[in-house]
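Visitor: Sequential numbering from -16 applies to the sequence shown in this note's numbering. Beta carbons are placed, not taken as given, at the ideal position from N, Cα and C, and that holds for glycine. Here the structure is a predicted model, which means the values were calculated and not measured. Okay, here's the structure, questions in a sec.
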Amino acid sequence: MRRLSLEARIALALFAMAALTLLMALGVAALGLSVWLTVALVAAAIAVMVWKIPGRILAPLVSLASVLDAVRAGDFSQRLRADRKGIAGELAGSVNRLSETWRQREGSRRETDALLAKLLHEIDLAIFTFDDQARLVLANPAACALVGLRLGPGVEARSLELHDYLVHDVTDPVHLVFPGGAGRFLVRRRPFRIEGRAHCLLVLTHAEAALGAERREAWQSLVRVLGHEINNSLTPIKSIAQTLAAAAGEQRASSPCMHGSVELTEGLNLIAARADTLGRFVAGYAALARLPQPQPRRIDLRELIERVTEMETRFRVRRSGPDITVQADPDQLEQALINLVKNAVDAVLDCGDAVEIRWRAQGATVEIEVIDNGPGPPDSDNLFVPFFTTKPGGSGIGLLLSRRIAEMHGGHLTLVERKDTPGAVARLGLPLGKL
Ligand code: ADP
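In structure tokens:
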């Protein structure tokens, strides 16, 4: 029976029933049994066959159903014997091919998912997905680092202050403050559906970083041209002023009664000194334009911060943070921190009495904060624009240079006012991985 095709089994069963019925009829005729007895015997025989035979005939269909169940449950390893004859063999072959096709599709779907997950993990754009109840479904590591939380599914967009952007498109950069960084962000919204339910994808990009490269190019060429021209004029101004001052000094020595020669010497010395200052100022911009690529090394962050704070002799800067080893260009990171500490000390010299530098590892980043209780940053969008300064002798280059250094290390820098009390917080975030 096992070797027969399905069609042969059915034919055989029908033939057996017909033969049995015929035998019974012959039995009635030959043995003279009563009709009712004969009917009862035939019915009993048919009942036995109906009970037993389908199971045997349909055995291949049972295993077929179990393989289909396994496919439905995602198990593509089961196969049917496809060497049977007839329709059962054909069915088994089709089911095996179906299972194989699904196995291949599932494999490529998994690979695509893994690639997508890797991309989401590596990309430095903050990506959030919310469901139709404005609850978080997914956030990549950049989003978690920005929001500064251990984001789990179910967090509400409102608690992240992102709910407005789920319903409205915004074209201009918006100013947002997150624990992992503040500044101007470009917010992109893309609605989509999962299993018929509306979802929304939010992508946040640091506007400064996005616009930075283009703007930087423009500033760098401007600084190069200006620097060259100004230096060409300053060098002779300074040397002529020095020569004339020396000549005036000699003249005064030979004829002490000469009126006005003291003023002349002082004036010429002032010109030489101002030319010198302007020269250094221009050199600072030139250094910014030529800032070399970072040469990262392992650095003990505490040691570096101790060095920076000890260099600041005008004010005692407090420090607090764990022992962390980072991978960064020591000279550049030191320069960035010197600028931030200098600004904080400048700010408290007028009004204020505390400057602190704190650092901590937060997920994949290290965050260094320089906090002061001075008057706080001026209300301006130009803090990071070259030449912007509110100080009489300022260059307006420190913040920009520090941000450039942060960005070249794959990080960011913001300067915001303190929430608890007047003052400023300069927040330098650097990715631990790239450090
Ligand atoms: P500079 O110090 O030469 O002015 P920066 O680029 O370092 O140049 O700073 C630009 C401006 O940002 C400063 O002139 C000041 O107005 C503001 N600023 C920077 N840091 C602070 C701070 N900690 N508190 C208040 N204002 C600050």
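From L261 to S303, what does the alpha carbon distance come to, in whole angstroms?
Guide: Numbered from its first residue, the sequence shown carries residue 261 at position 278. Numbered from its first residue, the sequence shown carries residue 303 at position 320. Roughly 37 Å separates the two Cα atoms.
Visitor: Near K417, which residues of its chain fall below 7 Å by C-beta distance, leaving aside the five closest residues on each side in sequence?
Guide: The residue labelled residue 417 in the question sits at position 434 within the sequence shown. Caution is warranted here: a pLDDT of 44 is assigned to K417, below 50, making its placement in the model unreliable, and the coordinate value is therefore given only provisionally. The residues are H392, G393.
Visitor: Which of the three DSSP states is assigned to E178 in this structure?
Guide: Position 195 of the sequence shown holds residue 178. In this structure, E178 counts as coil in the three-state DSSP scheme.
Visitor: Mind checking which residues open and close the alpha helix (DSSP H) that includes V45?
Guide: Against the sequence shown, residue 45 aligns to sequence position 62. Unbroken alpha helix (DSSP H) run through V45: 42 to 55.
Visitor: Does the Cβ-Cβ distance between A42 and D115 come in under 9 Å?
Guide: Taking the sequence shown and counting its residues from 1, the one referred to as residue 42 is at position 59. Taking the sequence shown and counting its residues from 1, the one referred to as residue 115 is at position 132. Going by C-beta atoms, A42 is not nearer than 9 Å to D115.
Visitor: Alpha helix (DSSP H) containing P375: first to last residue?
Guide: The count along the sequence shown starts at 1 and reaches residue 375 at position 392. Taken as a continuous stretch (DSSP letters only), P375 belongs to no alpha helix (DSSP H), as it is neither H nor E.
Visitor: Determine the extent of the beta strand (DSSP E) in which D283 is found, giving its start and end residues.
Guide: Locating residue 283 in the sequence shown gives position 300, where the first residue counts as 1. Looking at the DSSP string, the run of the beta strand (DSSP E) that includes D283 is 280 to 283.
Visitor: Give the DSSP bridge partners of S303, in chain order.
Guide: The residue labelled residue 303 in the question sits at position 320 within the sequence shown. Paired residue(s): R341.
Visitor: Is G381 helix, strand or coil by DSSP?
Guide: Stepping through the sequence shown from its first residue, residue 381 is reached at position 398. Helix.
Visitor: For a test of your reading of the model: does the CB of L332 fall under 8 Å from any non-hydrogen atom of ligand 1? Yes or no.
Guide: Numbered from its first residue, the sequence shown carries residue 332 at position 349. Incorrect: L332 has no Cβ contact closer than 8 Å to ligand 1.
Visitor: Counting pairs of beta carbons, one from the region 252 to 266 and one from the region 208 to 218, are three or more of them closer than 8 Å?
Guide: Yes: the two stretches touch, three or more of their Cβ pairs being nearer than 8 Å.
Visitor: Determine the DSSP secondary structure at E295, reduced to helix, strand or coil.
Guide: Along the sequence shown, read from residue 1 onward, the residue named residue 295 stands at position 312. In the structure shown, E295 sits in coil (DSSP, three-state: anything other than H, G, I, E or B).
Visitor: Could you give the distance in angstroms between the alpha-carbon of Q234 and the alpha-carbon of R257?
Guide: The count along the sequence shown starts at 1 and reaches residue 234 at position 251. The count along the sequence shown starts at 1 and reaches residue 257 at position 274. If you take the alpha carbons of Q234 and R257, they lie about 24 Å apart.
Visitor: Of all the CB atoms in chain C, is at least one closer than 9 Å to the CB of T84?
Guide: Of the protein chains in this structure there is only one, and it is not chain C.
Visitor: Rounded to the nearest angstrom, what separates S(-12) and A(-6) at their Cα positions?
Guide: Working through the sequence shown from its first residue, we reach residue -12 at position 5. Working through the sequence shown from its first residue, we reach residue -6 at position 11. So the alpha carbons of these two residues sit roughly 10 Å apart.
Visitor: Which same chain residues end up closer than 7 Å to V291 when comparing Cβ atoms and leaving out the 5 residues on each side of it in sequence?
Guide: Along the sequence shown, one-based indexing puts residue 291 at 308. The residues are E317, L320, I321, V324.
Visitor: Less than 9 Å separating the beta-carbons of L187 and L274?
Guide: Reading the sequence shown from its first residue, position 204 is the one you call residue 187. Reading the sequence shown from its first residue, position 291 is the one you call residue 274. No.
Visitor: When burial is assigned at 16 or more other CB atoms within 10 Å of the CB, is P360 buried or exposed?
Guide: The residue you call residue 360 lines up with position 377 of the sequence shown. The residue in question, P360, is buried, as its Cβ has 16 or more Cβ neighbours within 10 Å.
Visitor: Look up F59 in the DSSP assignment and say whether it is helix, strand or coil.
Guide: In the sequence shown, residue 59 corresponds to position 76, counting from 1. Coil.
Visitor: Between the C-alpha atoms of N356 and G163, what's the straight-line distance to the nearest angstrom?
Guide: Taking the sequence shown and counting its residues from 1, one reaches residue 356 at position 373. Taking the sequence shown and counting its residues from 1, one reaches residue 163 at position 180. Roughly 21 Å separates the two Cα atoms.
Visitor: Is D306 closer than 9 Å to L284 when the C-beta atoms are compared?
Guide: By one-based count along the sequence shown, residue 284 stands at place 301. By one-based count along the sequence shown, residue 306 stands at place 323. Going by C-beta atoms, L284 is nearer than 9 Å to D306.
Visitor: Find out if the Cβ-Cβ distance for the pair R62, V50 is shorter than 9 Å.
Guide: In the sequence shown, the residue the question calls residue 62 occupies position 79. In the sequence shown, the residue the question calls residue 50 occupies position 67. For R62 and V50, yes; Cβs fall inside 9 Å.
Visitor: Cutting at 6 Å between CB atoms, please list the residues of its own chain near A409, excluding the five before and the five after it.
Guide: Numbered from its first residue, the sequence shown carries residue 409 at position 426. Contacts found: L323, V353, L398.
Visitor: Alpha carbon to alpha carbon, how far is R80 from G69? Give it in angstroms, no decimals.
Guide: What you label residue 69 is simply residue 86 of the sequence shown in a count that begins at 1. What you label residue 80 is simply residue 97 of the sequence shown in a count that begins at 1. In a straight line, the C-alpha of G69 is about 17 Å away from that of R80.
Visitor: Return yes when at least one heavy atom of ligand 1 lies under 8 Å from the C-beta of V265, else no.
Guide: Against the sequence shown, residue 265 aligns to sequence position 282. No, Cβ of V265 sits at least 8 Å from all heavy atoms of ligand 1.
Visitor: For my contact list, F168 and H189 are in at a C-beta cut-off of 8 Å; report their separation, rounded to the angstrom.
Guide: Translated into the one-based positions of the sequence shown, residue 168 becomes position 185. Translated into the one-based positions of the sequence shown, residue 189 becomes position 206. That pair is a contact at about 6 Å.
Visitor: Am I right that T218 and G232 are in contact with their C-beta atoms under 8 Å? What's the rounded C-beta distance?
Guide: On the sequence shown, position 235 is the one that residue 218 refers to. On the sequence shown, position 249 is the one that residue 232 refers to. Contact flag wrong, Cβ pair sits at about 21 Å.
Visitor: What residues are listed by DSSP as bridge partners for V78?
Guide: Numbered from 1 along the sequence shown, position 95 holds the residue referred to as residue 78. Paired residue(s): none; V78 is not in a bridge.
Visitor: Indicate whether the contact test is met: 3 or more Cβ pairs, each with one atom in the region 330 to 350 and one in the region 371 to 379, closer than 8 Å.
Guide: No: fewer than three Cβ pairs fall under 8 Å.
Visitor: Along the chain, which unbroken stretches of the alpha helix (DSSP H) at least 4 residues long are found entirely within the region -8 to 42?
Guide: Whole alpha helix (DSSP H) segments, 4+ residues: 18 to 40.
Visitor: If you check the beta carbons only, do C127 and L149 fall under 9 Å apart?
Guide: Translated into the one-based positions of the sequence shown, residue 127 becomes position 144. Translated into the one-based positions of the sequence shown, residue 149 becomes position 166. Going by C-beta atoms, C127 is not nearer than 9 Å to L149.
Visitor: By the three-class DSSP mapping on this structure, what secondary structure does G273 have?
Guide: In the sequence shown, the residue the question calls residue 273 occupies position 290. The question names Gly, but residue 273 is Arg in the sequence shown. Looking at R273 - three-state DSSP - the assignment turns out to be coil, as it is neither helix nor strand.
Visitor: Under the three-state reduction of DSSP, which class applies to H395: helix, strand or coil?
Guide: Looking up residue 395 in the sequence shown gives position 412. Here H395 sits in strand by DSSP.
Visitor: Looking at N322 and ligand 1, is the gap between the Cβ and the nearest heavy atom below 8 Å?
Guide: As a working mapping, residue 322 is identified with position 339 in the sequence shown. Yes.
Visitor: Would a C-beta distance cut-off of 9 Å place L47 and A30 closer than the cut-off?
Guide: The count along the sequence shown starts at 1 and reaches residue 47 at position 64. The count along the sequence shown starts at 1 and reaches residue 30 at position 47. No, Cβ-Cβ distance for L47 and A30 is not below 9 Å.
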